[in-house]
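These notes are about the structure you will find just below.
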Amino acid sequence: MADNMEKFGDVMPKIVDPMKFNVVEAHELRLMNTEWSKVVPTLEDGGYRGDEPWLLYHGRGASRAHLYDPLRDRRYGCDDSNFQGARVLGSNLGWVVAVASVSVNPRSEHNLFLYNPFSTMRYDLPVLNAVFPLPSCVVRYGVITSDPLQNGAFVCVVTDCSAIVGSMARPLHLHYLLKTNGVWETAWKMASVPLVDDDDAPDFYDYKFVQHISPSENTVCIRLRDNRSYEFNLVNPRWKVSQTPVPDGVDLNRFDDLTIGELKVRLDLPANIGTRVEIIGTKTDRVRVKNKFASDDASTSEVDGVWLEVRR
1 MADNMEKFGD
11 VMPKIVDPMK
21 FNVVEAHELR
31 LMNTEWSKVV
41 PTLEDGGYRG
51 DEPWLLYHGR
61 GASRAHLYDP
71 LRDRRYGCDD
81 SNFQGARVLG
91 SNLGWVVAVA
101 SVSVNPRSEH
111 NLFLYNPFST
121 MRYDLPVLNA
131 VFPLPSCVVR
141 YGVITSDPLQ
151 NGAFVCVVTD
161 CSAIVGSMAR
171 PLHLHYLLKT
181 NGVWETAWKM
191 ASVPLVDDDD
201 APDFYDYKFV
211 QHISPSENTV
221 CIRLRDNRSY
231 EFNLVNPRWK
241 VSQTPVPDGV
251 DLNRFDDLTI
261 GELKVRLDLP
271 ANIGTRVEII
281 GTKTDRVRVK
291 NKFASDDAST
301 SEVDGVWLEV
311 RR
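Under UniProt numbering, the very last position in the sequence shown is 312; numbers go up by exactly one each time.
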């Protein structure tokens, strides 16, 4: 395992096999870091096999974080103060959505931020205030729909109020902001996820029923374990609920069949410490990685992870 790295941007040129990257990622990395021009050759379309996302994980709230490369089964660590006291909510397009608190108790205010660990760019977002009908909530997931440096991007988070309302029909809520004229809106909009109540629906919903969240330019789709997809149009606010189709070949979870013990070995976590691991998936143009939750019977340690695209 590589130690004492200043930032992930310094790690990448030293550890990635350039033959595993696709054209887009290689081009982005060569633009981002001059070292990449020495490592990554100019690629032709179709010349190389695309890579999978890497796992970024850390002890909840700790600054010490690790990257796990699943194809080569390698781990690399570095210290990053942006993870200190924070909880990661999700990642896509190379950006991490996070909340500046490790608490999973319901709160009325949440301080959120976007962070790119490779370029070390960070943007603090407007405070998310719980509004009617939510007295308070827990922020569970977060995604962006497009490049957050550009106008027209949305940032979306999913909150869970099941701890407050118990078996309330709609404990999951979507909150979203739009970036226009170079700035983010100041007030979050909210839409309750219209969970279907029928004979096939579970008696109780919480955030662990979310399999993955797939954003696109103007929509976000939440797939739950009730075999339904809940797609929300962010421009013309409305929900579309549909049965989950047959797997389309892009669903992936390398850890799906691993026990907590096997997962600890894979991520080099202490075997003798009871641990709960919560890994949030992502969606790229090639794969859709599902969420993974695992724990020992008695857990005293919390480990958060997100599947992260290696790009600028």
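Glycine included, each C-beta is placed from N, C-alpha and C at the ideal position.
Local conformation of residue i per DSSP, three classes
i, result
"residue 99", "strand"
"residue 105", "coil"
"residue 209", "helix"
"residue 235", "coil"
"residue 225", "coil"
"residue 301", "strand"
"residue 266", "helix"
"residue 116", "strand"
"residue 261", "helix"
"residue 154", "strand"
Cβ-based neighbour list, residue i, same chain, cut-off 8 Å, excluding 5 preceding and 5 following
i, result
"residue 303", "57, 58, 59, 60, 267, 269, 275, 276, 277 and 278"
"residue 221", "213, 214, 215, 229, 230, 231 and 232"
Whole-Å CB distance - residue i paired with residue j, under 8 Å assumed
i, j, result
"residue 152", "residue 89", "No, residue 152 and residue 89 are not in contact; Cβ-Cβ is about 21 Å, not under 8 Å."
"residue 138", "residue 190", "Incorrect: roughly 15 Å between the Cβ atoms, too far for contact."
"residue 195", "residue 218", "Between residue 218 and residue 195 the Cβ distance is about 23 Å, and since that is not below 8 Å, they are no contact."
"residue 114", "residue 148", "5 Å"
For residue i: DSSP bridge partner residues
i, result
"residue 334", "Nothing about residue 334 can be reported from this structure: the residues present for the chain run from 1 to 312 only."
"residue 90", "97"
"residue 180", "183"
"residue 277", "294 and 303"
"residue 308", "54"
"residue 74", "69"
"residue 215", "220"
"residue 138", "160"
"residue 79", "64"
"residue 242", "229"
Beta-carbon proximity list for residue i, same chain, < 7 Å, skipping 5 on both sides
i, result
"residue 225", "209 and 211"
"residue 284", "53 and 309"
"residue 244", "223, 227, 228 and 229"
Neighbourhood of residue i by C-beta, 6 Å cutoff - its chain only, sequence neighbours within 5 removed
i, result
"residue 281", "212, 289, 290, 291 and 307"
"residue 177", "155, 184, 185 and 188"
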